[in-house]
Amino acid sequence: MTDLVKYEAARHALQEAHSVDEVKDIRDKAQAMLAYGKQAKDTELIWIATDIKIRAERKAGQLLLEMKLNGERDSGKGNRNPILKSQDTTPKLADFGISKDQSSRWQKLAAVPERKFEQAVAAAKEIQAEVTTASMLRLNTTHVSHNSGENEWYTPPEYINAARSAMGDIDCDPASSAIANKTVKAEIYFTEKENGLANKWNGRVWMNPPYAQPLCQQFCSALVEKYQAKEIEQACVLVNNATETVWQQEMLSACAAVCFVKGRVRFIDIAGNPGAPLQGQVLLYFGNSVTTFKKHFESFGLIFVPI
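If you're matching positions, the sequence shown starts at 482 in the working numbering and goes up one per residue.
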């Protein structure tokens, strides 16, 4: 059976499944397929398995939410009616082989808007990247600097002003918007519609990339590539502190200095209200003016220079 046939069969089975048990079985088979794909280093099979797995987890979350709303599943807090408690035969999470943590994550996954979910899956497919539950959940919890609507968040001006002073000016912002550029004041900037990944960058770059994956990884990898190819001269990049990831290890290996920001950066929404993300941030500097960078950023946090 070819990988494509396996994929179509699994998608059909998932569409036909109407119980948590059925969906959980499809999810577990996809998990086994993923393990085999990784062992065989089969990138296409890995993507197919993760696609089915994430869709199954999302559908399981939807079913669990429906059961909760219909009062068909014990929440784990016990039946509040002592008379009915002994007669309660509703299925528990353990009956499905699902942990409370899995149930919580899958229900949150079910809450991700359909459009966002499909866009993220399609973006991952383009680069044959693994689709993870964690990356999907971040679609609803992290800000995306170049998106519009409710996900439009802007960097506080003090960080941008420090970057401008450290580099001498800002020539290019590859992940921006018209409103954001009123503060950044880059000579050239690219919006979501214009797709900064498809354009040439230049000079001194400020970048607060979209934080949802795989876009964050794509923008950060593009910056490293463009800096090493001398397409850009300097760059300041504000991004989540994710030192365990491959893409941030790549950036740390190529940058000249990094500021580990103390506290949380209070990004600003489209209405002008501040809000803090769920994790800390780092600001990475690429260029030859480390002393100047340190002068303007040491007030924000500890500065380290990679060896």
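Every residue, glycine too, gets a C-beta built ideally from N, C-alpha and C. Model, not experiment: these values are computed from the prediction.
- By the 16-neighbour rule on beta-carbons within 10 angstroms, A541 is buried.
- Counting the other CB atoms within 10 Å of its CB gives N769 a total below 16, which places it among the exposed residues.
- When secondary structure is reduced to three states using DSSP, V786 falls in the coil class, being assigned neither helix nor strand.
- For F781, no alpha helix (DSSP H) encloses it, and the DSSP letter there is neither H nor E.
- Between V501 and L544 a beta carbon distance of about 5 Å is seen, short of the 8 Å cut, so the two are scored as contacting.
- Pairwise C-beta distances place the segment 521 to 539 in contact with the segment 501 to 513, as three or more of them are shorter than 8 Å.
- Closest in alpha carbon position to S657, among Y640, P695, W687, is W687.
- Judged by pairs of C-beta atoms under 8 Å, the segment 770 to 781 touches the segment 635 to 655, as three or more such pairs exist.
- Rounded to the nearest angstrom, the gap between the Cα atoms of L495 and P638 is 48 Å.
- Contact between K681 and E706 does not hold, since the beta-carbon distance rounds to 12 Å and is not under 8 Å.
- In the pairwise beta carbon analysis, the segment 682 to 702 is classified as touching the segment 723 to 743: at least three pairs are separated by under 8 Å.
- For the options K666, P787, E525, K581, the alpha carbon positioned closest to that of S734 is the one of P787.
- In the structure shown, A737 adopts coil according to DSSP, grouped into three states.
- Per DSSP, reduced to three states, the secondary structure at F671 is coil, with no helix or strand assignment.
- Counting only residues of its own chain and dropping the five nearest sequence neighbours on each side, Q588 has a CB closer than 6 Å to the CB of G542, L545, L546.
- Nearest neighbour of V771 by Cα position, chosen from P690, Q709, C736, Y635, turns out to be C736.
- When only Cα atoms are considered, Y635 and A661 end up about 6 Å apart.
- Each of I784, Q709, A615, P655 was checked against the Cα of D582, and the nearest Cα belongs to A615.
- A716: member of the beta strand (DSSP E) spanning 715 to 721, first to last residue.
- In the structure shown, D654 adopts extended strand secondary structure according to DSSP, grouped into three states.
- By the neighbour-count definition (other C-beta atoms within 10 Å, threshold 16), R596 is an exposed residue.
- In this chain, Q762 is not harboured by any alpha helix (DSSP H); it is covered by the beta strand (DSSP E) spanning 762 to 767.
- With a cutoff of 9 Å on beta-carbon distance, M514 and I529 are scored as near each other.
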